[in-house]
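Be aware that the sequence shown starts at 289, since it is given in this note's numbering, and climbs by one per residue.
For glycine and all other residues, C-beta sits at the position ideal for the given N, C-alpha and C.
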Amino acid sequence: MSDTIIERSAGAAAISAKALDIALALDVQIADCVWDIGADLTHEHAHRLELVTEAKSVRVYFRELELTTADNASRSKRIDERLQRAIAQLQQRAPAPTYGYN
289 MSDTIIERSA GAAAISAKAL DIALALDVQI ADCVWDIGAD LTHEHAHRLE LVTEAKSVRV
349 YFRELELTTA DNASRSKRID ERLQRAIAQL QQRAPAPTYG YN
């Protein structure tokens, strides 16, 4: 049982590190990565990572297999893509004008 916890923690740490790398590349300043490691391992969204910036936060959900085998090549690609989409939501954007001139 404790081996799985160690693997899960290592997977969570690896995913957090990937998130920080992706955020850096997208010029997003992540203030905190908060994990909620769930107990119901059969649930599709067993584990939640919350990425927090000064202005907003976004949650990304992971299955048990994604945490315990985060170094698997195809799974790693899907994790990266999911993190990129989530972090893109954290990018600061100038508000669109609500009116226009003719």
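Residue i and residue j look like a contact to me (Cβ under 8 Å); what is the Cβ gap, rounded to whole Å?
i    : j    : result
D246 : V340 : The requested residue 246 is not part of the displayed model; the chain covers only 289 to 390.
R351 : E338 : Going by Cβ atoms, the distance from R351 to E338 rounds to 17 Å, so no, they are not a contact pair.
G326 : A313 : In fact, because the Cβ distance is near 29 Å, the residues do not count as touching under 8 Å.
Counting C-beta neighbours from all protein chains within 10 Å, is the total for residue i 16 or more, i.e. buried, or is it exposed?
i    : result
T356 : buried
E354 : buried
A311 : buried
Just how far apart, CA to CA, sit residue i and residue j?
i    : j    : result
I318 : Q372 : 13 Å
K306 : K365 : 11 Å
Y349 : R336 : 5 Å
R370 : L308 : 13 Å
N360 : A302 : 12 Å
R296 : V322 : 14 Å
S304 : S362 : 18 Å
Going by C-alpha to C-alpha distance, which of the options sits closest to residue i?
i    : options                   : result
A376 : A302, A298, D315 and R296 : D315
E342 : R366, A305, A298 and Q380 : Q380
D324 : R363, A300 and N360       : A300
Sequence ranges, beta strand (DSSP E) only - wholly within the region 334-390, length at least 3 = 335-340 and 345-350
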